[in-house]
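Have a look at the structure below before the remarks.
Residue numbers (our numbering): 810 to 906.
Below you can see the structure in the form of structure tokens.
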């Protein structure tokens, strides 16, 4: 079974205001935990859960979007759950998928 966790990320500590409605659509799944990570928290997660080679690879990625892509896979690999971009809207409750 997939853990009932929703992961989202953006580069800043607060998500952009334009994404608030989208985030609320995910939060409507009240039986799911919701987590938001900024770039700083993403890097710390990688440092906390992976070896030095992986950390060095992650920190050497030249574009923020590349780091975000790596983190998306890593967070779901470690904890499970689902990842949703901030520009997506949850149109149906997750339990109906």
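Glycine is no exception: its CB is placed at the ideal position from the N, C-alpha and C atoms.
In the three-state reduction of the DSSP assignment, residue 854 falls in the helix class, which pools H, G and I. Residue environment: residue 886 is assigned as exposed (fewer than 16 neighbouring CB atoms within 10 Å of its CB, all protein chains considered). The beta-bridge partner set that DSSP reports for residue 817 consists of 845.
Sequence-distant partners of residue 873 (beyond 5 residues in either direction) whose C-beta falls short of 7 Å from its own C-beta, in its chain, are 820 and 848. Minimum Cα-Cα distance from residue 815 among the listed residues 826, 832 and 825 corresponds to 832. Rounded to whole angstroms, the gap between the alpha carbons of residue 904 and residue 813 is 10 Å.
Going by beta carbons, residue 838 and residue 902 fall inside the 8 Å limit.
Residue 868: member of the alpha helix (DSSP H) spanning 861 to 869, first to last residue.
Annotated three-state conformation of residue 811 is coil, per DSSP.
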